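Residue numbers (the numbering used here), protein chains in the order written: chain Y, 19 to 336; chain W, 49 to 528; chain V, 23 to 284. Worksheet: the structure to be examined is printed underneath.
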Amino acid sequence: MHTQEVGKPMDIFIATLPQQIINGLTLGAVYALIALGYSMVYGVLQLLNFAHGDVYMVGAFIGYGVMMAFIPESGPLFAPVIIIILMLLVAMLGCGVLGIVIEQFAYRPLRNSPRIAPLISALGVSFFIQNAIQLTLTAQFRNYETEKLIAPAAGIDLGFARLSATRALVIVTAIVLMIVLQYLIKRTRLGKAMRAVAIDREAAAMMGVNVDRVIIFTFFIGSALAGAAGVLTGIVFTRVWHFMGFAAGLKGFTAAVLGGIGNIPGAMLGGFILGLAETFAVGFISATYKDVVAFVVLIIVLLLRPRGLLGARIPQKV
Amino acid sequence: MSQNKIGVDQWVEQYDQRVNKAKGLQGFIARTSQRLPPWGWLIVLVAVGALLPVITQNNFAIRIAGNIALMGTLALGLNVVVGYAGLLDLGFVAFYGIGAYTYAYLSSDFSGVHLPTWVSLPIIIVISALFGLVLGSPSLRLLGDYLAIVTLGFGQIFVQLMTSLTRVSLPGHERPVDLTGGPNGIINLDKLSLFGFTARTVTDHYLILLVVLAVALLVIYHLNRSRIGRAWRALREDELAAEAMGMPTRRLKLQAFAIGAAVAGFSGALFAGWQGSVFPANFDTTLLISVYAIIVLGGLGSLPGVVVGSIVMVAAPDILRDVTLAGTLFYVGVLVTLIGAIRPRWQTALLIGLVVVFGVIVRLIVGALDAQALAEPQLSNSLITNTVRSWLIIPVNATIIGNYAFGLLILMVLGVSRIKHSVWRLAALVPTLYVLIFVWETRLSQEPSVTRLLFVGVLLIVLMIYRPNGLLGQKRVEIV
Amino acid sequence: MALFELQNVSKHFGGLQVVSNLSLAVEQGEIVSLIGPNGAGKTTVLNLITGLYAPDAGKIVFDGRSIAGKDVHQITRLGIARTFQNLRLFLNMSIIENVMSAAYARTSANWFQIILRTPGFWKEEQHIRAVAEQKLAFFGERLVGYRFEQPAYSLSYANRRRLEIARALMTEPKLLLLDEPAAGMNPKETQEVTELIGKLRDELGLTIILIEHDMGVVGGISDRVIALDHGEKIAEGSFEAVATDPLVIEAYLGRNENMVRK
């Protein structure tokens, strides 16, 4: 069965491959950041946080707001670098706080309820955030005016591909954030506490870990990463609207499961793989089935490796 | 007072006496439900339901009732999957869509096939059940939460495919074939025809759907009171123990999954026949959340709960479309909630009084500061709304201020929920209620579709926290 | 031929060897107790027998057939039933329903019969109900009468244990595995449990393997005792023989370095 847009022949495939890889890594970076939040929260709470994608969306809007505040008609008020950093920081902070609020009000009361209760609550939160944004900010698309901060022509020409400045920014920022996260998890007491809570919450509590505090931190960090992902998406893909969290959230979700839910390196790997897969599918097969690719990949991987690529890290309770 | 018999639990033994003495609506329901056999309830349902077209010629009302019956049947299917077997199927609506599209393929000009409904329905049931088995088999083997995401993905894939498969090159055809009608769907479907009777009017469809709902309720009820029902409930209680007692859990889950899919497909076919068309947008996430809201509201695993939940979830938004009614309903709803939630009753009255006073003060202050900022209240058909609007301050740029007020409202509500029950809480509620009314008049009532979804979201959260068993669910004890 | 045998069964979790080259046999009609300190692997053995875990090595033979690697519910159907150390009742179901639910494997009403409520269906339902009432009646007056319809969470601890046994009995087992049936009971209840186990064998012809820490129960009812430590069998024989076995004493009480060894 072939679609109208016939798959491109092999030589074009090879020729555009490096460019597709760059594009795929850019997309993958965003997915990885979203996936990390999902994986971290699932690791400590065994909860699929459906509202996570909407936190990402809020981050994109916050970034938009900051950008617009500092770029009047005349042009940027400060150096672009500062504005971008500001956008990221404010969005990350704002989303981190949002994540904590969601956890405190919608999930914490359900800590001892059967598993389906926080899941449904999460659905409710997701719905609420989407529609609250739609109510207050309307369903209109907003577009990041990235060209005012980074010249569209900026970038490195590698000969076989072109690495635009925006794409480089996204990839580098994401990698930096992931490195910081890895350091946080592996080298700090908080990270150790997070890992302990993920393995056995009760035992961790008995060892003196303040489980509630750890969970709050986890939500903060995971949501902050999603917020960063939102801003980065705005910078590269420019369009933000109230419903963007849905698809992105699903894909981030898929990426987390792909790598093995609860598994931090797995989330990163899953994100990049998914970004590449989706870009390749769009480039070489057809753009129509873009959103479907994620799930097809997921289903194939889960059938072959039911625990995800790197194995899920969840407590076993027999 | 009976003698203390050794080994007899008095509290438990006096359970029946207590039910008889229970006051109020809950007591009445408990007593009646004990006395009336299930058959009786069904007859009541059908009889009352069938009276509707006799009482009123209002097609609008009958259409709502038809929707209630349709959504009720759909929710019934989901209830089996989620409420009985405990599987979180987030792609459930896709089976609804599969049933609908299959009906379109079997009974329309689009495909050229025109099977009468009583022939196509069994086919649709089988196909839907098959899809359920195909999706369920591998998925149920995965860790519990993975099922949620895989089914969610399936739901998305379905909508995506139905939107996109418009130019498919098939062998034997010169030009690409449109398989699904794309975003514009398939229209001009045959009407439902059962053994010579063709449904034409709204009433026809409503009666068909009513009977279908009743039959579905009966079938599920029978299944529930049998070895299969007991096995499902055991499965939901403790899967490991159920398996250890000889119940084939994986097979049971798959059966529940397939039944859910079959019921959904069946409902989808009826839907397609009634609407006369199918569009991919009919099967989106909003519908999924609505169906989940129905079973959660009614109580997972509760059959009458499905009916009640369906009435609330379908009737309310349909009623809300009428702006006048929406306003009245809102204020009545707020009043009822306050009366129900705040005791003693004199505190409720005090609260309302304080809010009124607060509003007057606000109005005076704003009027003194800048009289130009206030706009003339628009008159509506509702007495309550008019009264409120003349009391409330409505700024000229209502939308912008309303948006900020919405943000403020969220913060205030979250804050109040943290305050312990006391004078302070009551005091904090006064401005909160004022802002709520303000936000309603300036923003929420202006955007009914968004408001409805906001309401559903909040409802789900609040329900899970305060009443996880829904309106009619049994109080449950959970092993954590 | 023994009704049930473990032959050189081993099981490890990650780096930890929980059961190591274990062999034992149980004859029809025997009551065998499995004792050992906590962590000895006793519940793991039960889980291996009932199919919750698959052994890494060795054979498990029941009634002449190998059951290692079979599904849990299949093994139950073959005639092995169990109770749980930490009680796993269906708390929100009524007492009679808890028991009736376990009849699933022994009944056969199909969908058609259930939905249409055929006479065949009714007959089977009544049969299930009657048998369930009978199983509950085994425990005297405690779980009968108005109690049938009460939710299981309303039961006292001792009654919950009894209910679990009744539920297990409903699967018509040949071999019954009891995991610490006397845990948490006072002396009177413990005595009742001991007599109950005897009744189960004498009146119902069951073969019983029980895990217990209470030596009163073990000594009072066992035909044979098997002691485990660190996943290995360290003693087997009559209660007196095992209770005085130095390895067993050491496993429970530790070794006194200063004690003069005879």
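Cβ atoms here follow ideal geometry from the backbone N, Cα and C, with glycine treated the same way. If you're wondering where the values come from, they're calculated on a predicted model, not measured in any experiment.
Taking the Cα of His70 (chain Y) as reference, the smallest distance to any Cα among Y:Ala222, Y:Gln152, Y:Ile239 and Y:Gln37 is reached at Y:Ile239. In the three-state reduction of the DSSP assignment, Glu285 (chain W) falls in the helix class, which pools H, G and I.
What Tyr340 (chain W) touches in chain Y, judged by beta-carbon distance under 8 Å, is Ile138 and Leu141, going in chain order. In the DSSP annotation of this structure, the continuous segment of the alpha helix (DSSP H) that includes Phe179 (chain W) starts and ends at Thr165 to Ser187.
Residue contact check for Ser274 (chain W) against chain V: a CB pair falls below 8 Å. Gly203 (chain W) and Met210 (chain W) have their alpha carbons spaced roughly 11 Å apart.
By the neighbour-count criterion, in which 16 or more other beta carbons inside 10 Å mark a residue as buried, Asn236 (chain W) falls on the exposed side. Secondary-structure assignment with DSSP links Thr34 (chain Y) through no beta bridge to anything. V:Asp93 is the residue among V:Gln213, V:Asp93, V:Val247 and V:Ala47 whose C-alpha sits nearest the C-alpha of Arg298 (chain W). Selection W:Leu508, W:Tyr514, W:Pro516 and W:Gly521 evaluated against Ser144 (chain Y) yields W:Leu508 as nearest (Cα-Cα). Val84 (chain Y) and Leu118 (chain W) have their C-alpha atoms roughly 47 Å apart. Any Cβ of chain V closer than 8 Å to the Cβ of Pro86 (chain W) would place that residue at the interface, and such an atom is absent. Val207 (chain W) sits away from Asp366 (chain W), with the two beta carbons spaced by 8 Å or more. The bridge partners DSSP lists for Ser155 (chain W) are W:His162. Taken in chain order, the complete alpha helix (DSSP H) segments of 4 residues or longer contained in the region 243–272 of chain W are 250–272. Closer than 9 Å at the C-beta level to chain W, one finds no residue of the region 245–268 of chain V.
Excluding the 5 residues flanking it on each side, Pro136 (chain Y) has same chain C-beta neighbours closer than 7 Å at Leu65, Tyr125 and Leu128, in chain order. Runs of the beta strand (DSSP E) lying entirely within the region 254–314 of chain Y and spanning at least 3 residues: none are present. Only exposed fits Asn445 (chain W), as fewer than 16 other CB atoms lie within 10 angstroms of its CB. For Val270 (chain V), the enclosing alpha helix (DSSP H) stretches over residues Pro268 to Leu275. Under a criterion of Cβ atoms nearer than 8 Å, no residue of chain Y is adjacent to Phe378 (chain W); the nearest Cβ is some 15 Å distant. Here Val461 (chain W) has Thr480 as same chain residues with Cβ atoms under 7 Å from its own Cβ, once five neighbours each way along the sequence are excluded.
Taking C-alpha positions only, Ala186 (chain Y) is separated from Ile151 (chain Y) by approximately 30 Å. Scanning Y:Asn161, Y:Leu107 and Y:Leu155 for the CA closest to the CA of Thr447 (chain W) turns up Y:Leu155. Neighbours of Met295 (chain W) across chain V, judged by C-beta separation under 9 Å: His95, Thr98, Ser123, Ala124, Tyr126 and Ala127. Non-local C-beta neighbours of Tyr269 (chain W) in its own chain, meaning closer than 7 Å and more than five positions away in sequence, comprise Pro86 and Leu351, ordered along the chain. Within the same chain, and ignoring the five residues on either side of Pro77 (chain V) in sequence, the residues whose Cβ sits closer than 6 Å to its Cβ are Val31, Lys33, Leu70 and Ala90. Val355 (chain W) has its alpha-carbon roughly 6 Å from the corresponding atom of Gly120 (chain W). A distance below 7 Å between beta-carbons, with the five flanking residues on each side excluded, links Gly349 (chain W) to the following residues of its chain, in chain order: Asn127, Gly131, Tyr132 and Gly521.
Residues of chain W whose Cβ lies closer than 7 Å to the Cβ of Asn149 (chain Y) are, in chain order, Val498, Leu501, Leu502 and Gly505.
In the structure shown, Ser32 (chain V) falls within a strand segment according to DSSP collapsed to helix, strand and coil. In terms of Cα proximity to Phe158 (chain W), the closest of W:Leu227, W:Thr499 and W:Lys239 is W:Leu227. Interface with chain V (8 Å Cβ-Cβ cutoff): Leu520 (chain W) is excluded.
For Arg246 (chain V), the enclosing beta strand (DSSP E) covers residues Arg246 to Asp251. Within the model, the alpha-carbon separation for Val275 (chain Y) versus Pro186 (chain W) is close to 16 Å. Looking at the DSSP output, Phe26 (chain V) shares a beta bridge with V:Val48 and V:Phe84.
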